[in-house]
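Student: Below is one structure. I have some questions about it.
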């Protein structure tokens with residue numbers, strides 16, 4: 008028993024040292040993530056560290072989507088796969104809102120045909136937000152607004168089997184706008 012006691016004490020010291028090192032590294036990583044979140048919240052662009060926590064990646068998605076850098080924000084989507092449903096839903100909601108803002112800017116400049124794909128992509132983002140967290144009321148309301156802008160129904164007589172020359176020309180856009188000019 009006396010011979011085993013020093014070996015057990017050495018083993019316990021090694022285990023405690025390993026745990027201390029693990030918790031110290033975890034604490035340092037959390038501090039770096041919090042610094043990234045604070046910088047993004049202050050409006051400074053900060054790249055999360057590799058293997059960053061879900062909150063830091065979510066903050067980066069919010070930062071990018073608010074500034075119209077939608078493609079970069081969407082590229083961070085797979086990194087949020089392990090995040091909770093609230094964070095995933097919030098990220099998709101933010102991307103959808105950025106797409107819808109872009110669509111409204113295009114509508115205001117009378118580029119209605121360019122706005123239709125943006126609204127469609129916004130609807131996809133809102134649906135992904137609702138799939139992640141079905142109780143997200145903001146995503147429900149924004150999806151309803153986007154669905155009122157562009158319908159999901161197929162156009163009558165727009166079969167893909169018809170030749171492009173025989174297909175009737177599209178005279179009206181799918182996006183309703185304000186009537187202008189005299190009748």
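In this note's numbering, the protein residues as written are 8 to 190. In this text, a Cβ means the ideal position worked out from N, Cα and C, and glycines have one as well. Since we're looking at a predicted model, the values are computed, not measured.
Can you list, in chain order, the stretches of the alpha helix (DSSP H) that have 4 or more residues and sit fully within the segment 45-73?
Tutor: 61-73, all fully within the segment 45-73.
Student: For residue 61, which option in 100, 89, 42, 78 has the closest C-alpha, if you only look at C-alpha atoms?
Tutor: Answer by Cα proximity: 89.
Student: Report the rounded CA-to-CA distance for residue 18 versus residue 34, giving the unit in angstroms.
Tutor: About 24 angstroms.
Student: Classify residue 83 as helix, strand or coil using the three-state DSSP reduction.
Tutor: Coil, per DSSP.
Student: So, with DSSP's three-state summary, where would you put residue 27?
Tutor: Helix at residue 27.
Student: If I follow the unbroken alpha helix (DSSP H) through residue 159, where does it start and stop?
Tutor: Residue 159 -> no alpha helix (DSSP H), and no H or E assigned at all.
Student: By the DSSP assignment, the alpha helix (DSSP H) with residue 106 in it spans what residues?
Tutor: Note, residue 106: alpha helix (DSSP H), 92-115.
Student: Quick one: using the 10 Å Cβ neighbour count with 16 as the cut-off for buried, is residue 97 buried or exposed?
Tutor: Buried is the call here.
Student: Kindly give me the distance between the Cβ atoms of residue 125 and residue 110, rounded to whole angstroms, as I take these residues to be in contact under 8 angstroms.
Tutor: Going by Cβ atoms, the distance from residue 125 to residue 110 rounds to 4 angstroms, so yes, they are a contact pair.
Student: What is the rounded straight-line gap between the Cα of residue 146 and the Cα of residue 63?
Tutor: Cα-Cα distance, rounded: 22 angstroms.
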